[in-house]
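Undergrad: Structure below; questions to follow.
Number of protein chains: 2
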Amino acid sequence: MKELKPQVKVGILGGGQLARMLALQGLKLGLDVHVLSARSDDPAAQVVRHWTQGNVESSADLKKFFGKVEIATFESEFLNVDLLSKATPRGRLEPKPKLMGLLQDRLTQKQLLAEHKIPTADFMAVETEADLLKAWSLFDGRLILKKRRFGYDGYGTFKLTHPSEVSKLVKLIENEPSGFIAEALIDFDRELAFMIARSRSSDIATLPLVETHQENSRCLWVKGPSRNPKAKQLMKRFAHVLKKIDYVGVMGVELFETAKGLMVNELAPRVHNSAHYSLDALGCDQFTLHWLCLLGQNLPKTAALRAPGFAMWNLLGSCEREPSWNLGDENLNFHWYGKSENRPGRKMGHLTALGSTPEKALASIRKSRKSFAL
Amino acid sequence: MKELKPQVKVGILGGGQLARMLALQGLKLGLDVHVLSARSDDPAAQVVRHWTQGNVESSADLKKFFGKVEIATFESEFLNVDLLSKATPRGRLEPKPKLMGLLQDRLTQKQLLAEHKIPTADFMAVETEADLLKAWSLFDGRLILKKRRFGYDGYGTFKLTHPSEVSKLVKLIENEPSGFIAEALIDFDRELAFMIARSRSSDIATLPLVETHQENSRCLWVKGPSRNPKAKQLMKRFAHVLKKIDYVGVMGVELFETAKGLMVNELAPRVHNSAHYSLDALGCDQFTLHWLCLLGQNLPKTAALRAPGFAMWNLLGSCEREPSWNLGDENLNFHWYGKSENRPGRKMGHLTALGSTPEKALASIRKSRKSFAL
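And the structure:
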């Protein structure tokens, strides 16, 4: 384990809410946090003294930024990996650009899972009409088609269960340079998730299993801790994978709970919405944990729960009015990202609550969330 | 209760660690936090985008700063009240300049307590040698002499129990323009403290009673919650006082636990070291609570404890070496203020821990604090 000096110069590529919360928790630790983002009103740009205006896809801006920081990370894995690799001094970005490349592509991500015998939906690459027809047949007319790169919150994802949908997608497929992946549609009971973290010092930590609830392909709420008899074994397998690929930082693992057991849906090589609850419900939150990983510190051995149950609710934009709220009446924790526009479905902030059970924590948010008008 | 719009422009006068933690918790709430301080490496200057270089004792700098913010607060009550009153637009600073004046002066502070029949040590103003001799006689040769203004952490405070000490202090008394107060020396079993908060909406909240431990006149650790049969009644009396003087914000109340009951030692009209534990041990911390007060929000009705016991340990500078630490091994929360110089006794950061009892929480800090070398 590395002995730390105060005020390590750390950098974040990107200025959204994940970058903002990384910045705030880094500042709490006394880190000298730098942010590279496009606009001075970006959520993360508002909370640091050391903001660099620039484009995370510009080689010149990246080089300038890496000249200021000792170690950096990113809030989105959908960057130009070639450009990033060339602009990043060796060992100065975690997770490494190579791993960003591996994990930003849903095909190579799936191949990584398959290689390590981690249960996941059957899949195949789709580049042509013939591939799509083959997938249709292989997966018995029940499949999900996803862009290999740059998809999120349902964008770039298509569910196919009727032949007419197949023909509609042919044009799209042939015009998409990065290609598609087809996956067998999974019947699941619940969606679950957990975070796993690996430090530069090789230490591993996992955060509790949680249940996530999506509406319109966007996460609306999370509650936990959840239980599944196979979770512990799966976490162990991921610890092995992270070591094998020399992954440093936190990773979000999204799961389906099915009659046949847990199946991995997607991986996010970064801090993740499903673990925002950790800011208020755990002894060590995901953002702090990510910094500990990058700084080569040991990780807290147990995720100290501050209550038997917790829940998180995303405050999504409506565009109907200027947001407003009444705080304080209830024992909720309120986090606001400072976004300048209230767009429909946009993640504007979140609420967390603790309770004697996950359900009670969630119920207490449901009861009070009307105090938050978006 | 006021309905809040996002990104209210709030200001903090001063740039130390109290301002830094106010800023960080304000940013979490989505407030647009501005800081006025002298140096860009001040602890609070490092964590906000909107930093104004200036002097909190300069009328021009204050006026410039109040032009940028809708409401402001301060981290130290020892400002020039006349100058502040003139430079502050009406209703724009809380607690109000008038109350800063009342509470920064230990004599008028004591008079306020006496007026409301709140138990405190007997006292008298001391401006001359004759006053001091009268106090010596009145308090039976056992007294504390304090500067009326600008004393802190034992600075400006003198314990007198031997006649030779009296004669030594005569010169000092006659050269101090703001005068002194003499207080009867109190025999106490423990030092305790609590925070009370009053919102612009008139709502009141109190945080748990805690035990504080001083070494060399500086707070070393705090543990809680503590019990005292008279605490509830005293808190109620303070609620009445705060309403009476139209106080808005949090107030730290330092107490002596004596054989004759609780006696108030000092009041701090601001966030206070004795409640730093609240960042990790309560559902709503003292910094967030202070903002809720200023914004006219209702206050959480109960201080939701995240564990049956908690403790806080100040990381004090030694000047012996460059600080370093190993995080993560234990379930401690680490807060670092980013001060540029490691001076002996200086508050550089703090640790908090939760536990099944206050004593166990404190013991877990004692066990691990050697990982933090200052």
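For the protein sequence lines, the chains are F and W, in the order given. Residue 376, in the working numbering, is where the first sequence stops; the numbers in between run on with no holes. Residue 376, in the working numbering, is where the second sequence stops; the numbers in between run on with no holes. Backbone N, C-alpha and C define an ideal beta-carbon position, used for all residues, glycine too. Note that this is a predicted model, so its numbers are computed, not measured.
Would you verify that the beta carbon of GLY16/W is, or is not, closer than 8 Å to some beta carbon of chain F?
TA: For the purposes of this step, residue 16/W is identified with residue 14 of the second sequence, where counting begins at 1. No, GLY16/W lies away from the interface with chain F (no Cβ there is under 8 Å from its Cβ).
Undergrad: Pick from ARG22/W, TRP223/W and THR214/W: whose alpha carbon is nearest that of TRP53/W?
TA: Residue 53/W sits at position 51 when you count from the first residue of the second sequence. Ranking the options by Cα distance to TRP53/W, first place goes to ARG22/W.
Undergrad: Can you tell me whether ASN300/W is helix, strand or coil according to DSSP?
TA: Translated into positions along the second sequence, residue 300/W becomes position 298. Correct three-state label for ASN300/W: coil.
Undergrad: Between which residues of its own chain and HIS399/F is the CB-CB distance below 6 Å, once the five residues before and five after are set aside?
TA: With chain F running from 3 to 376 in the structure shown, residue 399/F is simply not present.
Undergrad: Going along chain W in order, which residues have a C-beta closer than 7 Å to the C-beta of GLY351/F?
TA: If you number the first sequence from 1, residue 351/F lands on position 349. By Cβ distance, chain W contributes GLY32.
Undergrad: Are the CB atoms of VAL12/W and LEU33/W within a distance shorter than 8 Å?
TA: Looking up residue 33/W in the second sequence gives position 31. Looking up residue 12/W in the second sequence gives position 10. Yes; because the gap between Cβ atoms is below 8 Å, this pair is in contact.
Undergrad: Mind pulling the chain W residues with CB within less than 7 Å of GLU5/F?
TA: Locating residue 5/F in the first sequence gives position 3, where the first residue counts as 1. Those within 7 Å of GLU5/F in chain W are SER326 and ASN328.
Undergrad: I need the DSSP call for LEU141/F, collapsed to helix, strand or coil.
TA: As a first step, residue 141/F must be located in the first sequence, where it is residue number 139. Sequence check: residue 141/F is Phe here, not Leu. Coil, per DSSP.
Undergrad: Considering only residues of the region 163 to 211 of chain F, which uninterrupted alpha helix (DSSP H) runs meet the minimum length of 4 residues and lie entirely inside it, listed in chain order?
TA: Correct list: 165 to 177.
Undergrad: Does LYS285/F get closer than 8 Å to chain W when you measure Cβ to Cβ?
TA: Along the first sequence, one-based indexing puts residue 285/F at 283. For the sequence presented, residue 285/F should be read as Gly rather than Lys. Answer yes: the Cβ-Cβ gap between GLY285/F and chain W drops below 8 Å somewhere.
Undergrad: Does the beta carbon of LEU269/F sit closer than 8 Å to a beta carbon anywhere in chain W?
TA: Walking along the first sequence from the start, residue 269/F turns up at place 267. No, its Cβ sits nowhere closer than 8 Å to a Cβ of chain W.
Undergrad: With ILE73/W as the anchor, note down where its beta strand (DSSP E) starts and where it stops.
TA: Position 71 of the second sequence, counted from the first residue, corresponds to residue 73/W. Start and end: 73 to 76.
Undergrad: Using a C-beta cutoff of 8 Å, does ASN300/F count as contacting chain C?
TA: Given the protein chain composition of this structure (F and W), no chain C is represented.
Undergrad: Buried or exposed: which applies to ASP287/W, given that a residue is buried once 16 or more other Cβ atoms fall within 10 Å of its Cβ?
TA: Taking the first residue of the second sequence as 1, we reach residue 287/W at position 285. Buried, because 16 or more other Cβ atoms sit within 10 Å of the Cβ of ASP287/W.
Undergrad: GLY340/F CB to nearest chain W CB: under 8 Å?
TA: Sequence index remark: in the first sequence, residue 340/F carries index 338 (1-based). Yes, GLY340/F lies at the interface with chain W (some Cβ there is under 8 Å from its Cβ).
Undergrad: Going residue by residue through the region 15 to 99 of chain F, where are the continuous alpha helix (DSSP H) segments of at least 4 residues, counting only ones entirely within it?
TA: Fully enclosed alpha helix (DSSP H) runs of 4 or longer: 19 to 30, 61 to 68 and 83 to 89.
Undergrad: What is the rounded straight-line gap between the Cα of VAL71/W and the Cα of ASP282/W?
TA: As a working note, residue 71/W is residue 69 in the second sequence. As a working note, residue 282/W is residue 280 in the second sequence. Between VAL71/W and ASP282/W, the C-alpha separation is close to 29 Å.
Undergrad: Less than 8 Å between the C-beta atoms of PRO360/W and GLY143/W, yes or no?
TA: Locating residue 360/W in the second sequence gives position 358, counting from the first residue. Locating residue 143/W in the second sequence gives position 141, counting from the first residue. No, the pair does not count as a contact, with Cβ atoms beyond the cut-off.
Undergrad: Please name the residue, chosen from ASN57/W, THR110/W, ALA116/W and VAL58/W, that lies closest to MET265/W on a Cα-to-Cα basis.
TA: Here residue 265/W corresponds to residue number 263 of the second sequence, with the count starting at 1. Considering only alpha carbons, the answer is ALA116/W.
Undergrad: Considering ARG220/W, what are the terminal residues of the beta strand (DSSP E) in which it resides?
TA: Numbered from 1 along the second sequence, position 218 holds the residue referred to as residue 220/W. Here the beta strand (DSSP E) through ARG220/W covers 220 to 226.
Undergrad: Could you tell me which uninterrupted beta strand (DSSP E) segments, each at least 3 residues in length, are contained entirely in the region 226 to 293 of chain W, listed from first to last along the chain?
TA: With a minimum length of 3 residues, the continuous beta strand (DSSP E) runs that stay inside the region 226 to 293 of chain W are 251 to 260 and 263 to 270.
Undergrad: Tell me the residue span of the beta strand (DSSP E) that contains ALA127/W.
TA: By one-based count along the second sequence, residue 127/W stands at place 125. Here the beta strand (DSSP E) through ALA127/W covers 125 to 128.
Undergrad: When the Cα of GLY181/W is compared with those of LYS173/W, SER203/W and ALA305/W, which residue comes out closest?
TA: The residue labelled residue 181/W in the question sits at position 179 within the second sequence. When each option's Cα is compared against that of GLY181/W, the closest is LYS173/W.
Undergrad: If you compare alpha carbons, which of PRO302/F, HIS352/F, GLN299/F and SER203/F is closest to TYR279/F?
TA: Walking along the first sequence from the start, residue 279/F turns up at place 277. TYR279/F has its Cα closest to that of HIS352/F, out of PRO302/F, HIS352/F, GLN299/F and SER203/F.
Undergrad: Once DSSP output is grouped into helix, strand and coil, what is the label at SER326/F?
TA: The residue you call residue 326/F lines up with position 324 of the first sequence. Residue state, collapsed to three classes: strand.
Undergrad: Taking C-beta pairs closer than 8 Å, name the residues in chain F that ALA306/W reaches, listed in chain order.
TA: Here residue 306/W refers to the residue found at position 304 of the second sequence. Chain F residues near ALA306/W: ASN333 and LEU356.
Undergrad: In chain F, which residues lie with their C-beta within 8 Å of the C-beta of ALA363/W?
TA: Position 361 of the second sequence, counted from the first residue, corresponds to residue 363/W. Under the 8 Å cutoff, chain F gives no residues; its nearest Cβ is about 12 Å from ALA363/W.
Undergrad: Alpha carbon to alpha carbon, how far is LEU296/W from GLY254/F?
TA: On the second sequence, residue 296/W is found 294 positions in, with the first residue counted as 1. On the first sequence, residue 254/F is found 252 positions in, with the first residue counted as 1. Spanning the two alpha carbons is a distance of roughly 38 Å.
Undergrad: Tell me which residue opens and which closes the alpha helix (DSSP H) that THR110/F is part of.
TA: The sequence position of residue 110/F within the first sequence is 108, counting from 1. Where THR110/F is concerned, the enclosing alpha helix (DSSP H) stretches over 108 to 117.
Undergrad: Is VAL12/F close to chain W? Criterion is C-beta to C-beta, closer than 8 Å.
TA: As a first step, residue 12/F must be located in the first sequence, where it is residue number 10. VAL12/F does not count as touching chain W.
Undergrad: Closest to GLU77/W by C-alpha separation, out of LEU24/W, ALA241/W and GLY153/W, would be which residue?
TA: The count along the second sequence starts at 1 and reaches residue 77/W at position 75. Checking every option, the nearest Cα to that of GLU77/W belongs to LEU24/W.
Undergrad: Mind pulling the chain F residues with CB within less than 9 Å of TRP397/W?
TA: Residue 397/W lies beyond the range of chain W shown here (3 to 376); nothing can be said about it.
Undergrad: Buried or exposed for TYR157/F, please, with buried defined as at least 16 other CB atoms from any protein chain shown within 10 angstroms of its CB.
TA: Looking up residue 157/F in the first sequence gives position 155. Exposed.
Undergrad: Under the three-state reduction of DSSP, which class applies to LEU353/F: helix, strand or coil?
TA: Stepping through the first sequence from its first residue, residue 353/F is reached at position 351. If DSSP states are grouped into helix, strand and coil, LEU353/F belongs with the strands.
Undergrad: Please identify the residue among MET126/W, LEU101/W, ALA365/W and LYS30/W whose C-alpha is closest to the C-alpha of LYS112/W.
TA: Along the second sequence, one-based indexing puts residue 112/W at 110. Ranking MET126/W, LEU101/W, ALA365/W and LYS30/W by Cα distance to LYS112/W puts MET126/W first.
Undergrad: Kindly indicate which residue of LEU101/F, GLY69/F, GLU96/F and GLU5/F has the alpha-carbon position closest to the one of LEU269/F.
TA: The residue you call residue 269/F lines up with position 267 of the first sequence. Taking only the C-alpha atoms, the option nearest LEU269/F is LEU101/F.
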